[in-house]
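>
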Amino acid sequence: MDKEIQSNSHRIKIKFFISTKGIQHVDLSNPGLGNPGIGATEYLFVLLATELSKQFGGDYDIGLVVDSNMRLPSNINVTVVKDVFAAIEVSKETNTDILVIRSVIDKELYKKVDNAEQIVITWSHNKIEAPLANMLSKSNYVKRNICVGAHQAFELVGHRLFNKTEVIYNPVVTCADNKSALKKPIVTYIGHISKSRGLHILLKEWKKVLDQVPDAQLNIIGSAKLYNRNVTLGELGIAHPSYEKVLKRYLLDGNGNILPCIHLWGVVGQEKNEIFKETKVGVINPYGYETLGLSGLEMMSFGIPIVTINKYGQSEIVNNTQTGFLFSRKSELHKYIIQVLKDDNAYNYYSPKCEKWIHDNFSINVILRDWIRELDLVINDISPKQSKITALKLSKQEKIILIYTKITRFFNFLPPYIVIAYKLKSIIKNSLIWQPRKKR
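The sequence shown begins at 0 in numbering that gives the first Met the number 0 and counts up by one.
#1: Please state whether DSSP places residue 280 in a helix, a strand or coil.
#2: Find out if the Cβ-Cβ distance for the pair residue 215, residue 259 is shorter than 8 Å.
#3: On a Cα-Cα basis, can you pick out the residue from 119, 315, 378, 383 that is closest to residue 357?
#4: Could you tell me the boundaries of the beta strand (DSSP E) in which residue 146 lies?
#5: First and last residue of the beta strand (DSSP E) that includes residue 191?
#6: Please report the straight-line C-alpha distance between residue 223 and residue 348, rounded to a whole angstrom.
#7: Excluding sequence positions up to five away, which residues of its chain have a Cβ less than 6 Å from the Cβ of residue 453?
#8: For residue 289, which of helix, strand or coil comes out of DSSP?
#9: Counting only runs of 3+ residues fully inside the segment 67-147, write out the beta strand (DSSP E) ranges in chain order.
#10: Could you pull the start and end residues of the alpha helix (DSSP H) that residue 153 belongs to?
#11: Could you round the C-beta distance between residue 165 and residue 145 to whole angstroms and report it? I think they count as a contact, below 8 Å.
#12: For residue 240, count neighbouring Cβ atoms within 10 angstroms of its own Cβ and tell me buried if that reaches 16, exposed if not.
#13: Which residue comes first and which comes last in the beta strand (DSSP E) that contains residue 216?
#14: So what does DSSP say about residue 362, is it helix, strand or coil?
#15: Mapping the DSSP letters down to three states, classify residue 463 as helix, strand or coil.
#16: Please return the same chain residues whose Cβ sits closer than 6 Å to the Cβ of residue 136, not counting the five positions on each side in sequence.
#17: Tell me, please, which residues DSSP counts as bridged to residue 210.
#18: Have a look at the DSSP bridge pairing and note the partners of residue 12.
#19: Work out the CA separation of residue 381 and residue 147 for me, nearest whole Å.
#20: Let me check understanding here. Comparing Cα to Cα, which of 213, 317, 199 lies closest to residue 303?
#21: With distance defined between alpha-carbon atoms, name the residue in 140, 279, 188, 53 nearest to residue 378.
#22: Would you identify the three-state DSSP class for residue 404, choosing helix, strand or coil?
#23: Assuming residue 98 and residue 14 are in contact, meaning their beta carbons sit under 8 Å apart, how far apart are those beta carbons, in whole angstroms?
#24: Sort out for me which residues DSSP pairs residue 306 with in a bridge.
#25: Apart from the five residues on each side of it in sequence, which residues of its chain come closer than 8 Å, Cβ to Cβ, to residue 360?
#26: Quick check: residue 292 and residue 312, are their CB atoms within less than 8 Å of each other?
#27: If contact is defined by three or more beta carbon pairs under 8 Å, each pair taking one atom from either stretch, is the segment 320-333 in contact with the segment 360-370?
#28: In terms of residue numbering, what span does the beta strand (DSSP E) encompassing residue 262 cover?
#29: Would residue 217 pass as a contact of residue 188 if the rule is Cβ separation under 8 Å?
#30: Identify every residue that forms a DSSP beta bridge with residue 164.
#31: If you drop the 5 nearest sequence neighbours on each side, which residues of the same chain put their C-beta closer than 7 Å to that of residue 424?
#32: What residue does the alpha helix (DSSP H) around residue 242 start on, and which one ends it?
#33: Would you tell me roughly how many angstroms separate the C-alpha atoms of residue 397 and residue 154, rounded to the nearest one?
#34: Quick check on DSSP: helix, strand or coil for residue 229?
#35: Excluding five sequence neighbours on each side, which residues of the same chain lie with their C-beta closer than 7 Å to the C-beta of residue 0?
#36: What's the C-alpha gap between residue 76 and residue 11?
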């Protein structure tokens, strides 16, 4: 029987720590206007803390802790410290009930958490592999691990960390004035430009789109500098030189110029909203792993149907055939794009459904309530409800994981799935490392 949530006579003190080193130049004073062109994790920490303070400041004392001076919202108490270790010390000294931090692989960090006896919630925006899962599960004071997607959380089934893991989706701020009435055949791709984010998959299919829709335009928003401003880029200024070589096969004409129908925007901030207003179809990572991409949520809040792969967190963002399309074969990508570009009735069908889907499941007010509920559960030492995980429609791989997990209950010597997956990945990675052939 669940414990009852006890009422608290004092304002519950919550602090959010996020490293802002490397983005000090960015104006984050009004996160409600959208991501100003930084990584989603940093942006969402500031957005969530700010909105919680704004809407629940009467019952909760919300503070933001960062490790560099920058322009931040004026409605929230901001503390600048040296690093996350100092954030733990400050939290303990100020009798903070819960400190929310980003989950990172650092044994010393979680030793510090336990030694300080500071209750912590880790907010995990990336794939959790065995080393990190082990650290989080062993910490007595990491009371909750928040995943942003149910597929991301399901990978932890059978591991001790799963028992203190909950799913809370990434929030998106919606705007009433978010689209134009007239839609041209414009497609927008947004994301970090790297092989794992699959831009080359879209570009490879783009010629097939042009064959059917000759006046189609493609916006490409993002670059490899999204997460690291110091990374070296190629001639095009959007990706690592080796990956740009791949992209050039599809981006350039016979004279070496970028095709006139393709527009490279690089990293942009809130001005991307103007691009979204003109977009008819959105594409997010059609290739690799995503936990729950914020970019897709942002585009759908503008009524833009999304086309992406039927895997990972992408399948949680898109309600297939209602707010866009999930493809299983790469050859389907261009077909779905063409379907919406050529048929205004199709766009008019999907667009309002996108807005409602976002409003009902991912809007900031919905997500704030989820966070408040979880904060109260942690304060009262109550286990997570995990309703999004139990309601998850399992993929074939996840069904296998579940069967294996049930087997491990009878054979305790078998490691959790996540441990096996990590070991196999390491073996494969090491086997692919090139080694010079010995001379005969």
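Just so it is clear, CB atoms sit at the ideal spot from N, CA and C, and this is done for glycine as well.
Once the coordinates are examined:
#1: strand
#2: Contact: no.
#3: 315
#4: Note, residue 146: beta strand (DSSP E), 141-146.
#5: DSSP places residue 191 in no beta strand (DSSP E); its state is neither H nor E.
#6: 35 Å
#7: Since the displayed the chain opens at 0 and closes at 439, residue 453 lies outside it and no answer follows.
#8: DSSP places residue 289 in coil when its eight states are reduced to three.
#9: 76-79, 97-101, 119-123, 141-146
#10: For residue 153, the enclosing alpha helix (DSSP H) has its first and last residue at 149-153.
#11: 6 Å
#12: That one is exposed.
#13: Looking at the DSSP string, the run of the beta strand (DSSP E) that includes residue 216 is 216-220.
#14: strand
#15: The requested residue 463 is not part of the displayed model; the chain covers only 0 to 439.
#16: 159, 160
#17: The partner list for residue 210 (beta bridge, DSSP) is empty, contrary to what the question assumes.
#18: 60
#19: 20 Å
#20: Ranked by Cα distance from residue 303, the options 213, 317, 199 are led by 317.
#21: 140
#22: In the structure shown, residue 404 sits in a helix (DSSP, three-state: H, G or I).
#23: 5 Å
#24: 282, 324
#25: 168
#26: yes
#27: By the C-beta criterion, the segment 360-370 is judged not to be in contact with the segment 320-333, since fewer than 3 inter-stretch pairs fall below 8 Å.
#28: 261-265
#29: yes
#30: 144
#31: none
#32: 240-250
#33: 8 Å
#34: In this structure, residue 229 counts as coil in the three-state DSSP scheme.
#35: Residue placement at residue 0 is flagged as unreliable, the pLDDT there being 37, under the threshold of 50; the coordinate-derived value follows with that caveat. Excluding residues within five positions, none has a Cβ falling inside 7 Å.
#36: Straight-line Cα distance between these residues: approximately 14 Å.
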